[in-house]
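K.L.:
Once you've had a glance at the structure underneath, I'll fire off some questions.
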Amino acid sequence: MKRRIKDSLAAIVYFLYEKNILHNHIKVHTIDETIDELLQTDKSMVRFGDGEIVMIKGGDLMLQKASPEIASGLADILAYSYDDLIVTIPGIFETLSDHHKASRQFWKDHLLFCRKTYERYCNPERIYYTTFVSRCYYYAADRGNCDRWFAKIRKIWENKKIVVVEGTKTHNGVGNDLFALAASVERIICPPRDAYAAIPRILSACEAYGKDRLFLLSVGVAAKFLALELFRKGYRVLDIGNMDLEYEWYVRQTPDKCKLGKHEIEGEAANREAGYTEYLSQVKMWL
-14 MKRRIKDSLA AIVYFLYEKN ILHNHIKVHT IDETIDELLQ TDKSMVRFGD GEIVMIKGGD
46 LMLQKASPEI ASGLADILAY SYDDLIVTIP GIFETLSDHH KASRQFWKDH LLFCRKTYER
106 YCNPERIYYT TFVSRCYYYA ADRGNCDRWF AKIRKIWENK KIVVVEGTKT HNGVGNDLFA
166 LAASVERIIC PPRDAYAAIP RILSACEAYG KDRLFLLSVG VAAKFLALEL FRKGYRVLDI
226 GNMDLEYEWY VRQTPDKCKL GKHEIEGEAA NREAGYTEYL SQVKMWL
């Protein structure tokens, strides 16, 4: 009964948004527009998913405990203060018609509980970019665009020296060709939980590199703060979140979400046993 009531309320709220009966000043670029902006400029990117919005409200996430400091910092970043540091949010405010049924329901529920947070903290003078740039497979009712999207995404780092900043089990690009076009790949491996506390150490490790490097961040909530600090210091940085997971599902053409074995592997010995010798050779620092 409670579930049916919630779903009904979520459907009503979304209908009011879709018909512009509820005031909706939030505008979001498409996936193609977001990819093209990253391809055609040297702008950096910080991404907000549902988790970051929950944290602004004071909620914990699985891998990061909430705090007033984190909530306040995220709200400041969401305000989109810099022209060359684009901010992405879920592109869910005008239509969910391109989402499959389960995804539509998820985002309707999300809006039911979080729409006031977006309305309070998003900058009405900005058009945001879409967080689905890094989650462009699972949500889609029609996945026919994914070939083109991922082909363009991979060109963003073509011939560039990239530094992947990620958790101990993340393994971005391991076992697939996500980074095959890059000139080189190096990795900084971060704590898998509560990485926010490790930001000073992570930042110090990143600053050992020259400004010719492109940083790709995949460290949860901590990535938002790292992206801002590295951007301010003159680096180009892209917060890619769980893009590798989406890419794996795309390559495998999975009908639904599925777990990947590489996300269970942790530590040098386990990686060596798994045959991830190239990955280990790319790791320059374990934090």
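In terms of our numbering, the sequence shown opens at residue -14 and continues consecutively.
Note that the Cβ used here is the ideal one computed from N, Cα and C, for glycine as well.
Model, not experiment: these values are computed from the prediction.
Short of 6 Å in beta carbon distance, which residues of its chain neighbour H85, apart from the five on each side in sequence? Order them along the chain.
P.N.:
Within the same chain, A126 come within 6 Å of H85 by CB-CB distance, once the 5 residues on both sides are set aside.
K.L.:
May I ask you to report which of helix, strand or coil DSSP gives E233?
P.N.:
helix
K.L.:
Start and end of the beta strand (DSSP E) containing D69?
P.N.:
Careful: D69 lies outside any beta strand (DSSP E) and carries neither H nor E.
K.L.:
Classify G129 as buried or exposed, calling it buried when 16 or more other Cβ atoms lie within 10 Å of its own Cβ.
P.N.:
Answer is exposed; the Cβ neighbour count stays below 16.
K.L.:
Hey, how far is the Cα of Y220 from the Cα of G58?
P.N.:
20 Å
K.L.:
Within 8 Å, do at least three Cβ pairs link the segment 23 to 38 to the segment 116 to 125?
P.N.:
yes
K.L.:
From the DSSP output, in three-state form, read off Y114 for me.
P.N.:
strand
K.L.:
Between N256 and L245, is the Cβ-Cβ spacing less than 8 Å?
P.N.:
Cβ atoms of N256 and L245: not closer than 8 Å.
K.L.:
Taking all protein chains shown into account, decide if M47 is buried (16 or more other Cβ within 10 angstroms of its Cβ) or exposed.
P.N.:
exposed
K.L.:
Mind pulling the beta strand (DSSP E) runs of 3 or more residues that sit fully within the segment 141 to 180?
P.N.:
146 to 152, 169 to 175
K.L.:
Am I right that F91 and V13 are in contact with their C-beta atoms under 8 Å? What's the rounded C-beta distance?
P.N.:
Between F91 and V13, the beta carbon gap of about 17 Å keeps them out of contact (Cβ cut-off 8 Å).
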